[in-house]
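Position 139 (the sequence shown) corresponds to 208 in my numbering; numbering is contiguous.
Notes follow the structure.
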Amino acid sequence: MAIVALSATSPAFAAKRSIMELPLFERAVLIIKHFETLHKPRHWPYVGYGHQVQPGEPYRRGVQLTEKQADALLRKDLAKFCALYSQYGKDSVLLGALAYNCGPGVVNKSSVLKKLKSGNRDIFKSYTSHCRYKGKFHKQLHQRRMMEYAVLYVR
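Here you go:
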């Protein structure tokens, strides 16, 4: 797994030797940036790092966000999703990262959440099973889940 390869994507990481030295939230930001990349205007209704534009939001078709704007939006969205799962303590960032990609509805119905609610920490298979796109296995999504699990799951 190329965990250290993420280091080049963030100035905050420059002084660190390993992604594992960063706080969980910062690790999640790096992973999301790595897999989402900065969306172009052709990706509408997605802007920034995979934010889906909602009715009433100020984003316009054909306008690309700057990296600074995209980073701020990613952090705002991820913080919102982590807050939804704050009662899960150290697992809130892992659940928030999954919700950022799949949506909170998927997470709320998932076996991952059910297991964590019941105190079962054996979630590897359940977590890494969230790697389908349009019903088919997606290799990059599987790689993302593996990285999220390795870097965000606190045993």
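Note that the Cβ used here is the ideal one computed from N, Cα and C, for glycine as well.
Item to check | Check whether residue 211 and residue 167 have beta carbons under 8 angstroms apart | outcome: Against the sequence shown, residue 211 aligns to sequence position 142. Against the sequence shown, residue 167 aligns to sequence position 98. No, the pair does not count as a contact, with Cβ atoms beyond the cut-off.
Item to check | C-alpha gap between residue 186 and residue 203, whole angstroms | outcome: Here the question's residue 186 lines up with position 117 in the sequence shown. Here the question's residue 203 lines up with position 134 in the sequence shown. Going from the Cα of residue 186 to the Cα of residue 203 covers about 28 angstroms.
Checklist entry - In chain order, which alpha helix (DSSP H) runs of at least 4 residues are fully inside the region 137-211? => result 161-171, 173-178, 180-187 and 193-197
Next on the checklist: Could you compute how far the alpha carbon of residue 145 sits from the alpha carbon of residue 120?
Outcome noted: The residue given as residue 145 occupies position 76 in the sequence shown. The residue given as residue 120 occupies position 51 in the sequence shown. Spanning the two alpha carbons is a distance of roughly 10 angstroms.
Next on the checklist: Using the three-state DSSP reduction, which class does residue 112 fall into: helix, strand or coil?
Outcome noted: Along the sequence shown, one-based indexing puts residue 112 at 43. Helix at residue 112.
Checklist entry - Start and end of the alpha helix (DSSP H) containing residue 86? => result For this step, residue 86 is matched to residue 17 along the sequence shown. No alpha helix (DSSP H) contains residue 86, which DSSP labels as neither H nor E.
Next on the checklist: Which same chain residues end up closer than 7 angstroms to residue 221 when comparing Cβ atoms and leaving out the 5 residues on each side of it in sequence?
Outcome noted: Here residue 221 corresponds to residue number 152 of the sequence shown, with the count starting at 1. These residues qualify, in order along the chain: 93, 96, 97, 162, 163 and 166.
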